[in-house]
Amino acid sequence: MRTNDKQHKLAYLYALVAVAFWATSATAFKLSLGHTGQLPLLLVASVASTGVFFAYLAATNRLRLLRAFTREDWLWSAGLGLLNPFLYYAILFKAYSLLPAQEAQPINFVWPLTLVLLSIPLLGQRPRPASLLALFISFTGVVVIATHPTRPADILDLRFSNGPGVLLALGSTVIWALFWIINTKDRCDEAVRLFANFAFASAYILVLALLLGPVRLGGWRGLFGGLYIGLFEMGLTFLAWLKALKTARSTAHVVNLIYLVPFLSLLVIAWVLGEKILPSTLVGLLLVVAGIVLQKAWG
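So in numbering that gives the first Met the number 0, spot 254 of the sequence shown is number 253, and the numbers just go up one at a time.
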């Protein structure tokens with residue numbers, strides 16, 4: 000019993016570490032994009048993450064599992080790597096370059112509801128009326144965040160602060176949800192799959208960056224930003240979250256900690272970036288999270 004309790008506490012520790020680092024991601028994106036472009040930033044981050052996963056596989060004696068990869072396994076990773084991290088972060092970084100961090104981060108958080116929407120045509124699932132209500136609540140929150148209404152009637156005007164940025168932020172949730180659906184069919188070791196996915200993505204990003212022109216990292220600040228994102232948004236944090244899920248007595252309790260991320264993120268955004276958090280952002284975020292929680296309860 001004591002061993003189980005110790006493991007459960009360790010699971011919470013891993014999860015809280017992941018949550019703490021993810022809470023800094025929006026700020027790291029915004030700061031880094033002030034010094035370098037989206038592709039150079041993504042290239043450094045992806046390569047750094049690939050290195051983290053390789054080191055983890057070596058330390059846990061799992062590199063040998065790559066030898067068992069079939070041609071289908073490598074093709075699977077080639078496709079998954081195209082979705083995430085390549086397309087997902089490329090779109091997300093562009094959204095952050097157009098929107099304030101306090102808008103991009105909460106909008107990106109609606110991906111669980113995008114997952115529900117995509118599950119209808121892709122998995123043949125039939126949503127319950129309660130689930131549709133939850134979706135409506137969350138996406139109303141997105142509109143509130145993106146339009147900055149001063150009174151309820153202003154929402155109907157649909158005057159977005161930056162339409163392309165909002166569409167890109169929502170588009171990133173489609174990529175992530177699609178990646179999630181495809182990944183549910185994968186039975187490969189998670190860390191091994193992450194390494195293969197990121198290795199392919201790094202190659203894609205490098206080729207595209209070279210085709211588009213010289214790769215300018217933006218000095219040490221751009222390089223540091225890419226390394227930070229690669230280590231603490233992707234690599235180490237992904238591994239910590241996986242460890243938390245595997246160690247937890249109940250994954251549901253651990254997963255619920257993820258709802259802390261957007262609220263902690265707003266604190267970091269206000270403190271580090273100096274963005275004045277608008278009342279509409281707080282109201283919209285509460286609606287987004289409420290819809291996700293209700294969807295989980297009713298779905």
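Using N, Cα and C, we set each Cβ at its ideal position, and we do this for glycine too.
Residue burial classification, residue i (beta-carbon count within 10 angstroms, cutoff 16)
| i | result |
| --- | --- |
| L210 | exposed |
| H252 | exposed |
| S137 | buried |
| G129 | Residue 129 is actually Ala in this sequence, not Gly. Exposed, by the Cβ-count rule. |
| V287 | buried |
| F135 | exposed |
| I119 | exposed |
Coil, strand or helix - residue i by DSSP
| i | result |
| --- | --- |
| T69 | coil |
| S160 | coil |
| E102 | helix |
| H7 | helix |
| S118 | helix |
| R63 | helix |
| I228 | helix |
| G123 | coil |
| R220 | helix |
| F108 | coil |
| Q294 | helix |
| S201 | helix |
| V214 | coil |
| A14 | helix |
Within 8 Å, strictly: CB atoms of residue i and residue j
| i | j | result |
| --- | --- | --- |
| I144 | G290 | no |
| E274 | A94 | no |
| T280 | P105 | yes |
| L114 | I180 | yes |
| L42 | A208 | yes |
| S318 | L12 | Lying outside 0 to 298, the shown extent of the chain, residue 318 is not represented and no answer is given. |
| F92 | Q37 | yes |
| I268 | A27 | no |
| G224 | L98 | no |
| A247 | A10 | yes |
| V18 | I228 | no |
| A58 | M233 | no |
| G80 | F237 | no |
| F324 | T49 | Since the first and last residues shown for the chain are 0 and 298, residue 324 lies out of range. |
Residue i versus residue j: straight-line alpha-carbon distance, rounded
| i | j | result |
| --- | --- | --- |
| F159 | V142 | 8 Å |
| D4 | G164 | 45 Å |
| T139 | W21 | 24 Å |
| L259 | F108 | 11 Å |
| H34 | A176 | 30 Å |
| D72 | D185 | 9 Å |
| A190 | T250 | 18 Å |
| R127 | A103 | 29 Å |
| L167 | I90 | 6 Å |
| V16 | A239 | 7 Å |
| A47 | L230 | 7 Å |
| L205 | A296 | 43 Å |
| A133 | S201 | 37 Å |
| V254 | R215 | 38 Å |
| G78 | L241 | 21 Å |
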